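The structure appears below as structure tokens.
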Amino acid sequence: MAELSEKMATNVQTERNASAVQIGLLVVAVGCLAAAPLFLYPIFLMKLLCFALFACAFNLLLGYTGLLSFGHATFFGGAAYFTAHAVKEWGVTPEIGILIGVAGASLLGLVVGFFAIRRQGIYFAMITLALGQMFYFFCLQAGFTHGEDGIQSVPRGHLFGVIDLNQPTNMYYFVLAVFLIGIAIIWRFINSPFGMILKSIRENEQRAISLGYSVRNYKLGAFVMSAALTGLAGGVKALVFQFATLTDVGWQMSGEVILMTLLGGIGTLIGPIVGAGLVVTLQNYLATSDFPVTIITGIVFMACVLLFRRGIVGEFYASKLGKKLGF
Amino acid sequence: MQALFGQLLIGLINGSFYALLSLGLAVIFGLLRVINFAHGAQYMLGAFVAFLLLQYAGIGYWAALIVAPVIVGLLGAVIERTMLSRLYNLDPLYGLLFTFGLALTIEGTFRYLYGASGQPYAPPPLLSGGTNLGFMFLPNYRGWVVVVSLLACLGTWLLIEKTKLGSYLRAATENPVLVQAFGVNVPLLLTFTYALGAGLAAFAGVLAAPVYQVSPLMGTNLIIVVFAVVVVGGMGSIMGAILTGYMLGIAEGLTKVFYPEASNIVIFVIMAIVLLLRPAGLFGRDA
Chain V
1 MAELSEKMAT
11 NVQTERNASA
21 VQIGLLVVAV
31 GCLAAAPLFL
41 YPIFLMKLLC
51 FALFACAFNL
61 LLGYTGLLSF
71 GHATFFGGAA
81 YFTAHAVKEW
91 GVTPEIGILI
101 GVAGASLLGL
111 VVGFFAIRRQ
121 GIYFAMITLA
131 LGQMFYFFCL
141 QAGFTHGEDG
151 IQSVPRGHLF
161 GVIDLNQPTN
171 MYYFVLAVFL
181 IGIAIIWRFI
191 NSPFGMILKS
201 IRENEQRAIS
211 LGYSVRNYKL
221 GAFVMSAALT
231 GLAGGVKALV
241 FQFATLTDVG
251 WQMSGEVILM
261 TLLGGIGTLI
271 GPIVGAGLVV
281 TLQNYLATSD
291 FPVTIITGIV
301 FMACVLLFRR
311 GIVGEFYASK
321 LGKKLGF
Chain D
1001 MQALFGQLLI
1011 GLINGSFYAL
1021 LSLGLAVIFG
1031 LLRVINFAHG
1041 AQYMLGAFVA
1051 FLLLQYAGIG
1061 YWAALIVAPV
1071 IVGLLGAVIE
1081 RTMLSRLYNL
1091 DPLYGLLFTF
1101 GLALTIEGTF
1111 RYLYGASGQP
1121 YAPPPLLSGG
1131 TNLGFMFLPN
1141 YRGWVVVVSL
1151 LACLGTWLLI
1161 EKTKLGSYLR
1171 AATENPVLVQ
1181 AFGVNVPLLL
1191 TFTYALGAGL
1201 AAFAGVLAAP
1211 VYQVSPLMGT
1221 NLIIVVFAVV
1231 VVGGMGSIMG
1241 AILTGYMLGI
1251 AEGLTKVFYP
1261 EASNIVIFVI
1271 MAIVLLLRPA
1281 GLFGRDA
């Protein structure tokens, strides 16, 4: 008896140690991000943060609800267009512009989600892909997107009318703040009762239905939530690069975000961040050579599916060291 | 009037390719439970193999119509045997992701080697020129495409619905374990099916080479439209896939006459409407 309680005490102790380690890691990670612009090119870092948030928002759907969307570029690129248009043509402040982007992406998410959740599994993927392509053609022809040219020279403006975002340092910390807020929202969301129900739908949809949950509404809710956060990333990206183009709404972009999530680890909170970091670094590295990124992307895709489906972070969690650290 | 018939013909030709490709997708999905994202890349490969055969070996259109699908089919068999077959016990989404990666790799490679621009491929001399039908001018090659793809669709339908091999395929779709217990080599059947689907896509690619230009990206946008066709038709029936392909091709052609701005998206709009009214698809059996 005494032995048992002693054992339990050590267990509790390990768990405490593990969560202390995790909090420690979190503090170190945020510290690194805050200090990063001293060592790395700010535009590169901001791009990385935007894509990391994009991938995390996407993972909300794939990892926690089990829905593979092949059309998330719609929300990313769509929000980039909305934000760019609002900031440039209507002259609103950056935070209002981003909110307009988020609202637009949520609305698009509501429409696409409404159609897509009528089918499951691979049909869901094909429907989102087709509707994404439809939105691409819309952007190609609509007036406000300026077709092939895109919306160029978008002003970054002054945050709340006060902080000048043309200062690279100000812009970087603004993007970092948005990123951290986005991740916090996602973390809160997946640990809420709503998030738990989503996981139950992922594990066994029929059972969730028989327990009385209106699965459709939950799926649609998750879809809109994911689209909104994707829109947040897209809107910020438009301000970082000061343009919005067709590249952001193409199916290749939807494929890229899937790769980031798959590579990092589907269904883990930080996996997509790691995946986004690797993919963006790779693109940056290959941008100067004429070797096409798509070949590498394709091979990494196949290797991931065949060899490590849990992704880098997922495999780490499943390894001995990961278990020891309490993941 | 001329414009109407002209666009109807183009619609019929596009419809032929939609039908051939969605048929191949349906055949592969029926047995393997894999959505073959590489279908567009295999279609492109068919066209490119025909182009390269002519360029480097002097092998013309008629031989290429047989040789190219066989080469692409064999490549498909190798991929199925070595890689795709490892994914059957997993969620079908992994098959989709794997073939997506495969498509990116193939297309990226060809784009690297041959550039993004298209290469012309002349129709065979026998089919050059055209015929005046009174109400319209019909280029002979386009008439041939419509006829031969219709024959290929019917041939595949007969193979699956009326032959012994087809009955094995259909039985293995219903219950692979039981069919294997009866002594049928199901893994071989799976390999054959994937090769057949890839070969059909390549066949469509060779047919398309003289109509469109041979380019590394010719398959990508097409496959997304074909996915929409598949969602409309449902993958439960072979005939359904064929009919839906032709219907949507013609619908697209008609839209080009009456409201050209929407011709790019009309198939996606039809898909959305079908999802509202009949979520399982026009010919679908699964809910």
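Heads up: the sequence lines are chains V and D, in that order.
If you use our numbering, the first sequence closes out at 327, no skipped numbers anywhere.
If you use our numbering, the second sequence closes out at 1287, no skipped numbers anywhere.
For glycine and all other residues, C-beta sits at the position ideal for the given N, C-alpha and C.
No experiment lies behind these values; they were computed from the predicted model shown.
Assigned secondary structure, residue i (DSSP; H/G/I helix, E/B strand, else coil)
i	result
Leu1087/D	helix
His158/V	strand
Asp248/V	helix
Ile946/D	In this structure chain D extends from 1001 to 1287, so residue 946/D is not present and cannot be described.
Val215/V	helix
Val1177/D	helix
Val1211/D	coil
Ile270/V	coil
Ile117/V	coil
Ile163/V	strand
Gln22/V	helix
Gln152/V	coil
Gln242/V	coil
With 16 other Cβ atoms within 10 Å as the buried cut-off, status of residue i
i	result
Leu1154/D	exposed
Tyr1246/D	buried
Ala1103/D	buried
Asn1014/D	buried
Thr1163/D	exposed
Trp251/V	buried
Asp164/V	exposed
Asn217/V	exposed
Gln1007/D	buried
Met1044/D	buried
Asn1264/D	buried
Thr294/V	buried
Arg156/V	buried
Tyr1056/D	exposed
Lys323/V	exposed
Thr1131/D	exposed
Nearest residue (CA-CA) to residue i, options the options
i	options	result
Gly311/V	Met260/V, Gln242/V and Tyr41/V	Met260/V
Gln1213/D	Ser1085/D, Tyr1094/D, Ile1066/D and Tyr1114/D	Tyr1114/D
Pro1092/D	Val300/V, Leu99/V, Phe114/V and Leu68/V	Leu68/V
Gly267/V	Gly97/V, Met126/V and Tyr317/V	Tyr317/V
Val1231/D	Ile1273/D, Pro1210/D and Asn1221/D	Ile1273/D
Leu1282/D	Tyr1043/D, Tyr1194/D, Met1239/D and Trp1062/D	Met1239/D
Val274/V	Ile258/V, Leu286/V and Ser289/V	Ile258/V
Gly231/V	Thr74/V, Asn59/V, Lys47/V and Ala20/V	Thr74/V
Ala84/V	Gly101/V, Leu306/V and Ile185/V	Gly101/V
Leu1023/D	Ala1202/D, Glu1252/D and Val1257/D	Ala1202/D
Tyr1088/D	Leu1196/D, Ala1251/D, Leu1190/D and Asn1221/D	Leu1190/D
Gly1060/D	Val1225/D, Ile1224/D, Val1206/D and Val1211/D	Val1206/D
Gln1002/D	Phe1137/D, Phe1029/D, Arg1111/D and Met1218/D	Phe1137/D
Gln152/V	Phe243/V, Met46/V, Ser19/V and Asp248/V	Phe243/V
Ile117/V	Thr288/V, Leu246/V and Thr65/V	Thr65/V
Met225/V	Pro168/V, Gln22/V, Gly113/V and Pro42/V	Gly113/V
Range of the contiguous alpha helix (DSSP H) that encloses residue i
i	result
Leu1138/D	Unbroken run through Leu1138/D is the beta strand (DSSP E), Phe1137 to Pro1139; no alpha helix (DSSP H).
Tyr1194/D	Val1186 to Ala1208
Trp90/V	Run containing Trp90/V: none; DSSP gives neither H nor E here.
Phe70/V	Note, Phe70/V: premise wrong, no alpha helix (DSSP H); not H, not E.
Asn59/V	Pro42 to Thr65
His374/V	Because chain V in this structure spans residues 1 to 327, residue 374/V falls outside the shown range and cannot be described.
Gly1183/D	Neither: Gly1183/D is in no alpha helix (DSSP H) and is coded neither H nor E.
Ser1022/D	Gln1002 to Leu1032
Leu1104/D	Pro1092 to Tyr1114
Gln1042/D	His1039 to Leu1052
Glu203/V	Pro193 to Glu203
Leu176/V	Pro168 to Ile190
Ile1035/D	No alpha helix (DSSP H) holds Ile1035/D; DSSP gives it neither H nor E.
Thr1255/D	Ile1238 to Phe1258
Phe1268/D	Val1266 to Leu1277
Where the beta strand (DSSP E) containing residue i begins and where it ends
i	result
Thr1131/D	Gly1130 to Asn1132
Listed in chain order, which residues of the stretch 296–322 of chain V have Cβ atoms closer than 9 angstroms to some Cβ of chain D? So the close ones are Ile296, Thr297, Gly298, Ile299, Val300, Phe301, Met302, Ala303, Cys304, Val305, Leu306 and Arg309.
Could you please tell me which residues of the stretch 103–134 of chain V, in chain order, have their CB closer than 7 angstroms to any CB of chain D? Among the residues of the stretch 103–134 of chain V, those with a Cβ less than 7 angstroms away from any Cβ of chain D are Phe115, Arg118, Arg119, Gly121, Ile122, Tyr123, Ala125, Met126, Ile127, Leu129, Ala130, Leu131, Gln133 and Met134, in the order of the chain.
Members of the stretch 68–91 of chain V near chain D, C-beta cut-off 7 angstroms: From the stretch 68–91 of chain V, only Leu68 have a Cβ closer than 7 angstroms to chain D.
What residues from the stretch 1031–1052 of chain D come within 7 angstroms of chain V, judged by C-beta to C-beta, listed N to C? Taking a C-beta cut-off of 7 angstroms against chain V, the contacting residues of the stretch 1031–1052 of chain D are Ile1035, listed in chain order.
Using a beta-carbon distance cut-off of less than 7 angstroms, what residues from the stretch 1261–1279 of chain D approach chain V? Within the stretch 1261–1279 of chain D, the residues whose Cβ lies closer than 7 angstroms to some Cβ of chain V are Glu1261, Asn1264, Ile1265, Phe1268, Met1271, Ala1272, Leu1275 and Pro1279, listed in chain order.
When Cβ atoms are compared, which residues of the stretch 1104–1123 of chain D fall closer than 7 angstroms to chain V? Cβ contacts with chain V: Leu1104, Thr1105, Glu1107, Gly1108, Thr1109, Arg1111 and Tyr1112.
Given a limit of 9 angstroms on CB to CB distance, which residues of the stretch 1058–1086 of chain D reach chain V? Near chain V, meaning a CB-to-CB distance below 9 angstroms, the residues of the stretch 1058–1086 of chain D are Met1083 and Arg1086.
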